[in-house]
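S.K.: Under my numbering, the residue at position 55 of the sequence shown is numbered 63, and the numbers go up by one with no gaps. All C-beta atoms in this analysis are idealised placements derived from N, C-alpha and C, irrespective of residue type, glycine included.
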Amino acid sequence: MPEPDPAAAIAERLRRIAHVALDLDGTIYRGDTLFPWTPGFLAKLERLGIGHTFPTNNPSMLTGILERHALTPERLAMVGDRLYTDVAMAHRAGALGVLVLSGEATREDADRAVPPPDVIVNTLAEFGDLLAAARAGGP
Numbered sequence: 009m010p011e012p013d014p015a016a017a018i019a020e021r022l023r024r025i026a027h028v029a030l031d032l033d034g035t036i037y038r039g040d041t042l043f044p045w046t047p048g049f050l051a052k053l054e055r056l057g058i059g060h061t062f063p064t065n066n067p068s069m070l071t072g073i074l075e076r077h078a079l080t081p082e083r084l085a086m087v088g089d090r091l092y093t094d095v096a097m098a099h100r101a102g103a104l105g106v107l108v109l110s111g112e113a114t115r116e117d118a119d120r121a122v123p124p125p126d127v128i129v130n131t132l133a134e135f136g137d138l139l140a141a142a143r144a145g146g147p
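Spelled out as structure tokens, the structure:
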């Protein structure tokens, strides 16, 4: 039996995403400044029919999002810049853990993380492109 393809598995998970929970500081903005890619990313979510929420780092928030939107964990992505809160919260909830390197964590931090993030992107714009490609049936 062939080994499973991790990239194909992630692409399949991305295809099923119906809702994205977003950390604010370090993901959407830094300090008082909105990252330039944020408006385009939010518009792309809307075009793709993907809802979004801005939770706090309270793990019960993801449970509430799942219940409120009648989602299974496989249909939720938690996107943030911290491994020990955002990505850990995603993993505890069974959601896709997406690390954005625009804030606190570095690529080296992600490489050492146990468990590692499911997806690592440089910006929200890059994650939006991954979602769009997955919806279009791309890699």
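1. In angstroms, rounded to a whole number, what distance separates the CA positions of residue 107 and residue 142?
2. Check each candidate in 101, 58, 94 and 113 and name the one with the smallest Cα separation from residue 28.
3. Given residue 79, which residues of its chain have a CB within under 8 Å of its CB, disregarding the five upstream and five downstream residues?
4. Exposed or buried, residue 54, counting other C-beta atoms within 10 Å across all chains shown (16 or more means buried)?
5. What does the Cβ neighbour count give for residue 62, buried or exposed, with the cut at 16 atoms within 10 Å?
6. Looking only at its own chain, which residues have a Cβ that is under 7 Å from the Cβ of residue 99, when we skip the five neighbours before and after it?
7. Based on the DSSP output, what are the partners of residue 86 in its beta bridges?
8. DSSP has residue 60 in a bridge; who is on the other side?
9. Would you mind giving the Cβ-Cβ distance between residue 31 and residue 94, rounded to the nearest angstrom? I have them listed as a contact below 8 Å.
10. Would the beta-carbon of residue 45 fall within 8 Å of that of residue 133?
11. With residue 56 and residue 139 assumed to form a contact (beta carbons below 8 Å), what rounded beta-carbon distance in angstroms separates them?
12. For the alpha helix (DSSP H) containing residue 73, list its first residue and its last residue.
13. Compute the distance between the beta-carbons of residue 103 and residue 85, then report whether it is under 8 Å.
M.R.: Taking the geometry as given:
1. Each residue's alpha carbon lies about 18 Å from the other.
2. Out of 101, 58, 94 and 113, 58 has the C-alpha closest to the C-alpha of residue 28.
3. By the criterion of a C-beta distance shorter than 8 Å, residue 79 is surrounded in its chain by 26, 27 and 73, once the five residues flanking it on both sides are discounted.
4. Counting Cβ neighbours within 10 Å, residue 54 comes out exposed, since fewer than 16 surround it.
5. That one is exposed.
6. Excluding residues within five positions, the ones whose Cβ falls inside 7 Å are 105 and 123.
7. Its beta-bridge partners are 29 and 105.
8. DSSP output for residue 60 lists 28 as bridge partner(s).
9. 5 Å between Cβ atoms; contact.
10. Going by C-beta atoms, residue 45 is nearer than 8 Å to residue 133.
11. About 6 Å separates the two Cβ atoms, so the contact holds.
12. Counting along the chain, the alpha helix (DSSP H) containing residue 73 begins and ends at 68-76.
13. Yes, the Cβ-Cβ distance between residue 103 and residue 85 is below 8 Å.
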